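**Q** The structure follows.
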Amino acid sequence: MQTGTGSESTVTRHDHIPLELYFRVASGQTEPAVLAQRLHRHLMACCPECRSSWEALGDQGAVVLRVLGRALADDLAWRQELAGGELSAQATAQEPPEPQVAPPRHAAAFDRATRRLDRETAALRARRIEARRELRMLLRTPRSERPRRVARANTRFRSRAVAELLLEESRRRADGDPAEALSLVELVPTVVGRTPGAEPSDWATALRRRARALRADAWRAAGRLDEAQEELSALRHGPEEDAAAFGAAEAAELDGVEAALRAAQGRFSEAERLLTRAASALREAELPVQLARILVQRGALYRRERRFEQGLADLQAALSLLDPESRPFLFVRAAGHLALVLSQLGRFAEAEVAWASTRRWRQAADDPAWVEEVARNLQEASRRDPRIPDDPAP
């Protein structure tokens with residue numbers, strides 16, 4: 047087993063959790079959040095079912111990890127019981143003690159932390175369900191009335207979950223309906239400002255920055271390239287609060303938005319560089335859904351540049367990371383691009399199989415324009431000589 051020197055963050059994801067780490071946490075040498083992260087990484091590497099459930103949480107997974115880390119940190123009795131009340135920082139700096147030093151009583155503390163995590167997770171799930179209900183309300187509301195409805199609501203549209211869903215829906219709709227995407231993302235600052243505990247907080251700042259990035263993406267999709275460029279430049283080089291350190295997922299999302307703009311400007315090499323940087327960071331951070339999204343975007347770029355083999359590799363890798371039940375939209379997009387790349391390589395039977403795999407998920411994906419585009423392109427490609435593929439649609 048390979049272990050890092052001086053920091054647990056360098057340990058590879060397939061390592062087991064060493065006894066030494068438990069005692070380092072118990073003595074206060076290592077933060078409980080590190081143990082929570084390591085337990086999570088090990089579980090994701092070993093159990094496909096747990097990994098699928100985790101990915102279904104989407105952006106809320108980070109919240110669950112924080113809750114677990116906080117539960118361990120807050121329960122001082124857990125540390126004392128695990129250490130037997132005798133473990134000192136000086137002792138753990140040497141060799142880890144024998145396992146029997148930790149008495150069986152520590153199981154009760156783990157049980158308390160588990161029950162607390164269960165309560166927090168149930169509350170989180172309830173908030174997500176309510177947030178989806180509120181999003182559906184807004185989608186049924188005419189665009190011109192949405193800002194007033196949000197601003198005048200007494201109890202609704204006042205949560206981080208609603209803001210995150212608005213961002214996700216805006217990103218999903220940008221290419222097909224940029225006006226709708228812009229309408230949704232413009233609501234995010236209002237929702238964040240109405241959310242209890244938002245000020246001051248890093249997550250509120252991050253949501254506002256994401257809203258600005260996705261507003262630029264909607265402008266790009268609408269052909270307003272100069273406005274999109276101005277907004278992205280302000281995010282990259284603006285005031286200190288906007289230029290503060292980005293998390294891996296947020297930085298990758300910004301790279302993806304800028305890459306789409308560069309592609310729209312015909313600057314394909316710059317777009318590829320940005321997407322490659324984002325993919326590398328997400329791979330390092332072990333964020334599979336976000337990585338799949340970037341790989342789909344880069345695969346589509348390669349397809350547009352007629353670099354079909356590279357596009358094929360990216361799209362296959364993206365599909366291997368996705369659970370279609372929890373991410374039907376992204377799955378249908380990825381499989382559609384894969385089918386088109388295969389057809390452009392003259393591999394029509396494989397293209398049909400790839401596209402047929404989406405049949406069960408097309409309704410949930412709610413992306414009829416894309417489904418129609420893929421079907422039309424596959425039908426046209428099947429009539430052509432596979433040795434001479436025509437230019438693909440952008």
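For what it's worth, our numbering labels the leading residue of the sequence shown as 47, then goes sequentially.
Glycine included, every Cβ here is placed at the ideal spot set by N, Cα and C.
Predicted model only: the values in this text are computed from it and were never measured.
#1: Could you check if residue 415 is buried or exposed, using at least 16 other CB atoms within 10 Å of its CB as the buried criterion?
#2: Put residue 185 into one of helix, strand or coil per three-state DSSP.
#3: Indicate the three-state DSSP secondary structure (helix, strand or coil) for residue 441 in the structure shown.
#4: How would you call residue 425, buried or exposed, if buried means at least 16 neighbouring beta carbons within 10 angstroms?
#5: Rank 318, 311, 310 by C-alpha distance to the C-alpha of residue 301 and give the top, closest one.
#6: Check whether the segment 377-395 touches the segment 189-200, taking contact to mean three or more Cβ pairs, one atom from each stretch, closer than 8 Å.
#7: Please report the residue range of the alpha helix (DSSP H) in which residue 301 lies.
#8: In angstroms with no decimal places, state the Cα-to-Cα distance between residue 258 and residue 314.
#9: I need the straight-line Cα distance from residue 191 to residue 225, nearest angstrom please.
#10: For residue 393, which option in 427, 323, 238, 306 has the closest C-alpha, if you only look at C-alpha atoms?
#11: Verify whether the separation of the beta carbon atoms of residue 264 and residue 238 is less than 8 Å.
#12: Run the CB neighbour count on residue 33, radius 10 Å, all protein chains shown included, and call it buried at 16 or more, exposed below.
#13: Which of the three DSSP states is assigned to residue 164 in this structure?
#14: If you follow the alpha helix (DSSP H) that residue 401 is in, where does it begin and where does it stop?
#15: Leaving out the 5 sequence neighbours to the left and right, which residues in its chain are closer than 6 Å to residue 274 when beta-carbon positions are compared?
#16: Closest to residue 234 by CA distance: which of 204, 245, 328 is it?
#17: Exposed or buried, what is residue 160 when buried is set at 16 or more other beta-carbons lying within 10 Å of its beta-carbon?
#18: Excluding sequence positions up to five away, which residues of its chain have a Cβ less than 8 Å from the Cβ of residue 222?
#19: Find the nearest neighbour of residue 247 within the set 157, 206, 281, judged by alpha-carbon distance.
#20: I'd like to check one pair, residue 253 with residue 294: are the Cβ atoms closer than 8 Å?
#21: Return yes when the Cβ of residue 298 is within less than 8 Å of the Cβ of residue 324, no when it is not.
#22: Within this structure, are the beta carbons of residue 256 and residue 213 separated by less than 8 Å?
#23: Cutting at 7 Å between CB atoms, please list the residues of its own chain near residue 139, excluding the five before and the five after it.
#24: Runs of 4 residues minimum, wholly inside the segment 336-385: which ones carry the alpha helix (DSSP H) assignment?
#25: The alpha helix (DSSP H) spanning residue 265 covers which residue range?
#26: What number of angstroms, rounded off, separates the C-alpha of residue 281 from the C-alpha of residue 260?
#27: Where residue 276 and residue 338 are concerned, what is the direct C-alpha to C-alpha distance, given to the nearest angstrom?
#28: Can you tell me the Cα-Cα spacing of residue 174 and residue 208, whole angstroms?
#29: Determine the closest residue to residue 189 out of 405, 242, 349, 228, with distance taken between C-alpha atoms.
#30: Since residue 315 is in the alpha helix (DSSP H), which residue starts that stretch and which ends it?
#31: Closest to residue 200 by CA distance: which of 219, 240, 183 is it?
#32: Please check the pair residue 335 and residue 373, which I expect to be a contact at CB under 8 Å, by giving their CB distance rounded to whole angstroms.
#33: Please report whether the beta-carbon of residue 429 lies at a distance below 8 Å from any beta-carbon of chain D.
#34: Could you check what DSSP says for residue 441 in three-state terms: helix, strand or coil?
#35: Excluding the 5 residues flanking residue 333 on each side, which residues of the same chain have their C-beta closer than 7 Å to its C-beta?
#36: Would residue 404 pass as a contact of residue 375 if the rule is Cβ separation under 8 Å?
**A** Quick look at the numbers:
#1: exposed
#2: helix
#3: With the chain represented from 47 up to 440, any question about residue 441 goes unanswered, as that position is not in the structure.
#4: exposed
#5: 318
#6: no
#7: 294-310
#8: 23 Å
#9: 14 Å
#10: 427
#11: no
#12: One cannot answer for residue 33 here, as it falls past the ends of the chain, which runs 47 to 440.
#13: helix
#14: 394-402
#15: 262, 265, 266, 307
#16: 204
#17: exposed
#18: 413, 415, 416
#19: 206
#20: no
#21: yes
#22: yes
#23: Annotation note: pLDDT 42 at residue 139 (below 50); position unreliable, no value reported.
#24: 354-367
#25: 248-267
#26: 11 Å
#27: 28 Å
#28: 8 Å
#29: 228
#30: 314-331
#31: 240
#32: 6 Å
#33: Absent here is chain D; the protein component of the structure consists of one chain.
#34: Since the displayed the chain opens at 47 and closes at 440, residue 441 lies outside it and no answer follows.
#35: 294, 295
#36: no
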